[in-house]
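Count the sequence shown with full-length UniProt numbering and you get residues 1 to 573, in order.
Yeah, the Cβ is synthetic: ideal placement off N, Cα and C, and Gly gets one too.
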Amino acid sequence: MKSRSAYTVDPRLKHRVHQVKLKLYWDYHRVNSRDIINISRVDMSVHVKKDQNAAWGASRGSHHRMCFQKQRDSSKLEKEKTSKSGKLKRAKKNKHDVEAEIAAGVQAKKSKNKGHELQFSAVKFEDFGGSEETLEEVCKLLIHTRHPEVYQRLGVVPPRGFLLHGPPGCGKTLLAQAVAGEVGLPMLKVSAPELVSGVSGESEQKLRELFEQAIVRVTLRPQISLDVPDDPYSSCCQKADLEQLLSLLKRNEALSEEQLSGLCVLMSDFRTSLARVQPSAKREGFATVPDVTWEDVGALQDIREELNMAIMAPINNPEHFRALGLNTPAGVLLAGPPGCGKTLLAKAVANESGLNFISVKGPELLNMYVGESERAVRQVFQRGRNSAPCVIFFDEIDALCPRRSEHESGASARVVNQLLTEMDGMGNRQQVFMMAATNRPDIIDPAVLRPGRLDKTLYVGLPPPADRHAILVTITKNGTKPLLDSDVNLEEIAHDARCESFTGADLSALVREACVNALRVHLSSRPAQAHTEPVKDIRVSRIHFEDAFKKVRPSVSKKDQIMYEKLKETLTR
1 MKSRSAYTVD
11 PRLKHRVHQV
21 KLKLYWDYHR
31 VNSRDIINIS
41 RVDMSVHVKK
51 DQNAAWGASR
61 GSHHRMCFQK
71 QRDSSKLEKE
81 KTSKSGKLKR
91 AKKNKHDVEA
101 EIAAGVQAKK
111 SKNKGHELQF
121 SAVKFEDFGG
131 SEETLEEVCK
141 LLIHTRHPEV
151 YQRLGVVPPR
161 GFLLHGPPGC
171 GKTLLAQAVA
181 GEVGLPMLKV
191 SAPELVSGVS
201 GESEQKLREL
211 FEQAIVRVTL
221 RPQISLDVPD
231 DPYSSCCQKA
241 DLEQLLSLLK
251 RNEALSEEQL
261 SGLCVLMSDF
271 RTSLARVQPS
281 AKREGFATVP
291 DVTWEDVGAL
301 QDIREELNMA
311 IMAPINNPEH
321 FRALGLNTPA
331 GVLLAGPPGC
341 GKTLLAKAVA
351 NESGLNFISV
361 KGPELLNMYV
371 GESERAVRQV
381 FQRGRNSAPC
391 VIFFDEIDAL
401 CPRRSEHESG
411 ASARVVNQLL
421 TEMDGMGNRQ
431 QVFMMAATNR
441 PDIIDPAVLR
451 PGRLDKTLYV
461 GLPPPADRHA
471 ILVTITKNGT
481 KPLLDSDVNL
491 EEIAHDARCE
501 SFTGADLSAL
511 VREACVNALR
521 VHLSSRPAQA
531 HTEPVKDIRV
541 SRIHFEDAFK
551 KVRPSVSKKD
561 QIMYEKLKET
571 LTR
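Here it is as structure tokens:
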């Protein structure tokens with residue numbers, strides 16, 4: 001008997017498998033593809049010997065492979081169709097969700113905008129208890145709402161709005177509501193942060209939508225300040241002129257031609273307006289006229305004369321300079337130890353000449369970002385031109401334009417170049433003067449000090465005894481404020497050896513410390529229960545100054561004095 005291999009199966013099992021395959025061949029279209037795959041796996045698990053099934057596999061194997069391939073393809077197509085339909089359904093669902101979300105956002109936006117509705121205020125001026133001066137200004141600005149014929153006859157444009165500013169809780173919002181209620185106009189109350197949005201274009205859209213409605217605007221020009229109400233202004237509407245303005249504001253009928261015939265603008269009206277209207281250029285530049293006069297500056301007579309010829313004389317007598325062909329000095333540099341009155345001199349010059357004054361600290365213009373320091377320098381000079389006649393005062397200018405080295409090309413060099421460019425452009429200026437102060441003129445770039453720029457340098461040094469006496473008289477208002485005792489001799493204090501190196505600031509500190517000593521003695525001598533009694537005149541005596549000498553020291557050391565003396569010799573050559 002022939003031995004069978006380990007891989008040989010029973011012929012009867014082979015025959016049975018063959019019959020099953022034939023049945024599947026003819027009825028495959030009625031059989032589920034999943035069952036076919038499972039049966040094919042069973043078929044593949046049956047091992048047939050290669051030499052006994054070669055002929056049978058050659059005749060029928062190709063048909064079986066075609067059958068199974070078709071079934072796999074059909075199954076794959078069905079799966080793809082199912083996958084595509086699922087994706088389409090999910091896409092439709094996502095699209096529907098997005099549309100629903102957008103619709104919800106639009107609805108929320110509409111509901112939010114509906115919150116800013118026009119309202120009619122029931123608040124009147126009678127409900128606003130505050131400064132009657134403020135109400136008077138408001139009434140003047142609101143006349144055109146009742147009587148537009150007044151502005152039409154004068155041919156001027158009525159005010160479009162005004163700005164209410166002041167400390168919190170002083171009634172700015174209440175006054176705006178009173179304005180709307182008094183003139184009977186609707187108002188739209190909007191908080192400024194509500195208009196700010198992180199989405200590009202949304203803030204602009206909100207503004208456009210708001211300005212399409214009737215808005216009582218409180219963010220425009222003229223400005224009305226609301227201070228904390230004082231006791232004299234606790235009752236409202238007491239002045240006769242305010243009563244007349246209110247009665248005129250409440251009249252609905254137009255003014256007659258006879259009433260308008262005497263309406264005209266007088267020169268006194270222009271003078272009154274000049275005192276109230278502030279130019280917009282000065283608002284931005286904060287240019288002001290200082291309140292310091294020559295009476296507030298003790299001594300320094302020689303410096304005064306130089307400044308008068310450099311700045312005040314060209315303003316007061318321009319025809320004399322033109323007759324001699326003299327150009328106005330471009331700028332003045334005040335150099336000397338700190339605390340000697342350089343800034344005070346600049347303010348006094350601006351006040352005496354009636355010029356606007358712009359004070360700039362040198363380090364304030366320096367910025368870490370490229371180009372920002374140069375832009376700040378340009379803005380300062382532009383502010384000066386807008387506020388002409390004006391004095392631009394640079395304090396601590398040595399920080400702004402230090403001496404440039406040969407190989408330096410950094411930020412400081414660019415700032416110096418920009419400053420030089422602006423100073424050269426001041427040659428055709430219209431009454432714009434430049435003053436600067438420094439206690440280190442030796443480190444300033446020499447190009448800044450050449451003629452045509454800061455062409456005049458004045459040394460403001462330590463005051464001698466006579467000047468110290470004049471400074472003490474100025475500080476104490478000739479012994480009246482503070483009130484000095486009879487034993488105090490200001491001339492003796494000025495000639496005291498302990499005041500040898502005192503600057504003007506040191507003398508001011510000495511007087512203040514003496515006043516504090518006198519106040520301390522006065523308070524300690526009063527009983528604790530007598531704090532409600534009226535304060536008597538407090539006098540500063542000699543002993544108070546002696547105690548002050550023990551605490552106040554010169555701000556300029558001996559070493560610095562030697563340096564400034566050498567500097568003075570260099571500048572006066």
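Where do the N-terminal and C-terminal ends of the alpha helix (DSSP H) with residue i fall, by residue?
i: residue 515; result: 504 to 525
i: residue 472; result: 465 to 475
i: residue 570; result: 558 to 571
i: residue 494; result: 490 to 494
i: residue 197; result: Note, residue 197: premise wrong, no alpha helix (DSSP H); not H, not E.
i: residue 181; result: 172 to 183
i: residue 303; result: 301 to 307
i: residue 315; result: 313 to 316
With burial defined as no fewer than 16 other Cβ atoms inside 10 Å of the residue's Cβ, what is the status of residue i: buried or exposed?
i: residue 363; result: exposed
i: residue 480; result: exposed
i: residue 556; result: buried
i: residue 435; result: buried
i: residue 50; result: Note that residue 50 has pLDDT 42, beneath the 50 cutoff, so the model's placement of it is unreliable and no number is given.
i: residue 478; result: exposed
i: residue 169; result: exposed
i: residue 317; result: exposed
i: residue 182; result: buried
i: residue 200; result: exposed
i: residue 562; result: exposed
i: residue 567; result: buried
i: residue 443; result: exposed
i: residue 178; result: buried
i: residue 309; result: exposed
i: residue 347; result: buried
i: residue 418; result: buried
i: residue 148; result: exposed
Which first and last residues belong to the beta strand (DSSP E) in which residue i is found?
i: residue 331; result: 331 to 335
i: residue 357; result: 356 to 361
i: residue 345; result: No beta strand (DSSP E) contains residue 345, which is instead part of the alpha helix (DSSP H) from 342 to 353.
Which of the three DSSP states, helix, strand or coil, is assigned to residue i?
i: residue 371; result: coil
i: residue 165; result: strand
i: residue 5; result: Residue confidence for residue 5 is low, a pLDDT of 46 falling below 50, so the modelled location carries little weight and cannot support an answer.
i: residue 480; result: strand
i: residue 456; result: strand
i: residue 553; result: coil
i: residue 390; result: strand
i: residue 539; result: strand
i: residue 52; result: Because residue 52 sits at a pLDDT of 45, beneath the cut-off of 50, its placement in the model cannot be relied upon, and the following sentence gives the value as read from the coordinates. Of the three classes helix, strand and coil, the one that applies to residue 52 here is helix, per DSSP.
i: residue 59; result: Bear in mind that the predicted position of residue 59 carries a pLDDT of just 46, short of 50, making it too unreliable to give a figure here.
i: residue 292; result: coil
i: residue 238; result: With a pLDDT of only 44 at residue 238, under 50, the local geometry of the prediction cannot be trusted, and the value read off the model is given with reservation. Three-state DSSP puts residue 238 in coil, outside helix and strand.
i: residue 11; result: helix
i: residue 217; result: Since pLDDT at residue 217 reaches only 43, below the 50 mark, its modelled position is unreliable, and the value read off the structure follows with that caveat. Correct three-state label for residue 217: coil.
i: residue 37; result: Confidence in residue 37 is poor, its pLDDT being 46 and thus under 50, which makes the residue's placement unreliable; the coordinate value appears in the next sentence. Residue 37 falls in the helix class under three-state DSSP.
Rounded to whole angstroms, how far is the Cβ of residue i from the Cβ of residue j, which I believe are closer than 8 Å?
i: residue 476; j: residue 340; result: Not really, about 19 Å apart at Cβ, beyond 8 Å.
i: residue 331; j: residue 423; result: 7 Å
i: residue 519; j: residue 543; result: Rounded, the Cβ-Cβ distance is 14 Å, inconsistent with contact.
i: residue 510; j: residue 466; result: In fact, because the Cβ distance is near 17 Å, the residues do not count as touching under 8 Å.
i: residue 545; j: residue 493; result: 6 Å
i: residue 400; j: residue 365; result: 6 Å
i: residue 488; j: residue 525; result: Not a contact, Cβ separation roughly 19 Å.
i: residue 388; j: residue 290; result: The Cβ separation is near 17 Å, so there is no contact.
i: residue 450; j: residue 499; result: That belief does not hold up - the Cβ atoms of residue 450 and residue 499 are roughly 38 Å apart, past 8 Å.
i: residue 360; j: residue 391; result: Contact flag wrong, Cβ pair sits at about 11 Å.
Note to self: Quick check on the DSSP output: what are the complete beta strand (DSSP E) runs of length 3 or more inside the stretch 395 to 445, in order along the chain?
What the structure shows: 432 to 438
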